[in-house]
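To start, the structure itself, in structure tokens.
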Amino acid sequence: MAVENAEWEQTAREWIETVGGFKLGSDSLQHELKNGIALCNFINALQPGSVQKVSKLPGPFNQMENIKAFLDAVEKYGLAKEDTFVTVDLFEGRNMKQVIRTIYAIGRKVRKIVV
Numbered sequence: 790m791a792v793e794n795a796e797w798e799q800t801a802r803e804w805i806e807t808v809g810g811f812k813l814g815s816d817s818l819q820h821e822l823k824n825g826i827a828l829c830n831f832i833n834a835l836q837p838g839s840v841q842k843v844s845k846l847p848g849p850f851n852q853m854e855n856i857k858a859f860l861d862a863v864e865k866y867g868l869a870k871e872d873t874f875v876t877v878d879l880f881e882g883r884n885m886k887q888v889i890r891t892i893y894a895i896g897r898k899v900r901k902i903v904v
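Using the numbering used here, the first residue of the sequence shown is number 790, and each one after it goes up by one.
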């Protein structure tokens, strides 16, 4: 099961990088996404302007605001609430499996739009 999760995480990482047009660092996916900047840039690549303000300032409040902005944007993009994670799942690393499921759900949504 751990190998399967590692493969899912790697696939999610690669897709975020491909769609977003940027390279994540080599730290864990949780660490790389925790500040919310990459997620906001990712959803803006799919739906330009969906996150108007992305804070690059350090600090937990700004990071959680970015994550919340991403979650609001994916809801507007059409993801069902049950397909999304909650801020602490990512910020505190409580449920990375749900974070990855959200990335996969975005992928399914993109395929429906493109096809």
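Note that CB positions come from ideal geometry on N, CA and C, so glycine has one too.
### Task
Kindly list the residues whose CB is nearer than 8 Å to the CB of E821, restricted to its own chain and excluding five residues on each side of it in sequence; keep chain order.
Against the sequence shown, residue 821 aligns to sequence position 32. If we look at E821 and ignore the five residues flanking it on each side, its Cβ neighbours are R802, L813, G814 and A827.
### Among S817, G838 and F850, the one whose alpha carbon lies nearest that of K865
Counting from 1 along the sequence shown, the entry for residue 865 is found at position 76. It is G838 whose Cα lies nearest to the Cα of K865.
### Query
How big is the Cα-Cα spacing for D878 and Q841?
As a working note, residue 878 is residue 89 in the sequence shown. As a working note, residue 841 is residue 52 in the sequence shown. Using only the alpha carbons, I get a separation of about 23 Å.
### Query
Any idea if L846 is buried or exposed, counting beta-carbon neighbours within 10 angstroms, 16 or more meaning buried?
Your numbering for residue 846 matches position 57 in the sequence shown. So L846 counts as exposed.
#### Entry: Runs of alpha helix (DSSP H) wholly within the segment 790 to 870 (minimum 4 residues, chain order)
791 to 809, 818 to 822, 826 to 835 and 849 to 866
### Task
For W797, I'd like the list of residues in its chain whose CB is within less than 6 Å of its CB, leaving aside the five on either flank, ordered along the chain.
Locating residue 797 in the sequence shown gives position 8, counting from the first residue. The residues are I889.
### Query
Leaving out the 5 sequence neighbours to the left and right, which residues in its chain are closer than 8 Å to T876 when beta-carbon positions are compared?
Walking along the sequence shown from the start, residue 876 turns up at place 87. Around T876: M853, I856, K857 and L860.
### Query
Expressed to the nearest angstrom, what Euclidean distance is found between the alpha-carbon atoms of I895 and A795?
One-based indexing of the sequence shown puts residue 895 at position 106. One-based indexing of the sequence shown puts residue 795 at position 6. Rounded to whole angstroms, I895 to A795 spans 19 Å at the Cα level.
### Task
Report back the beta-carbon spacing between N830 and F811 to the nearest angstrom; my notes put them in contact at under 8 Å.
Within the sequence shown, the letter at position 41 stands for residue 830. Within the sequence shown, the letter at position 22 stands for residue 811. That belief holds up - the Cβ atoms of N830 and F811 are roughly 7 Å apart, short of 8 Å.
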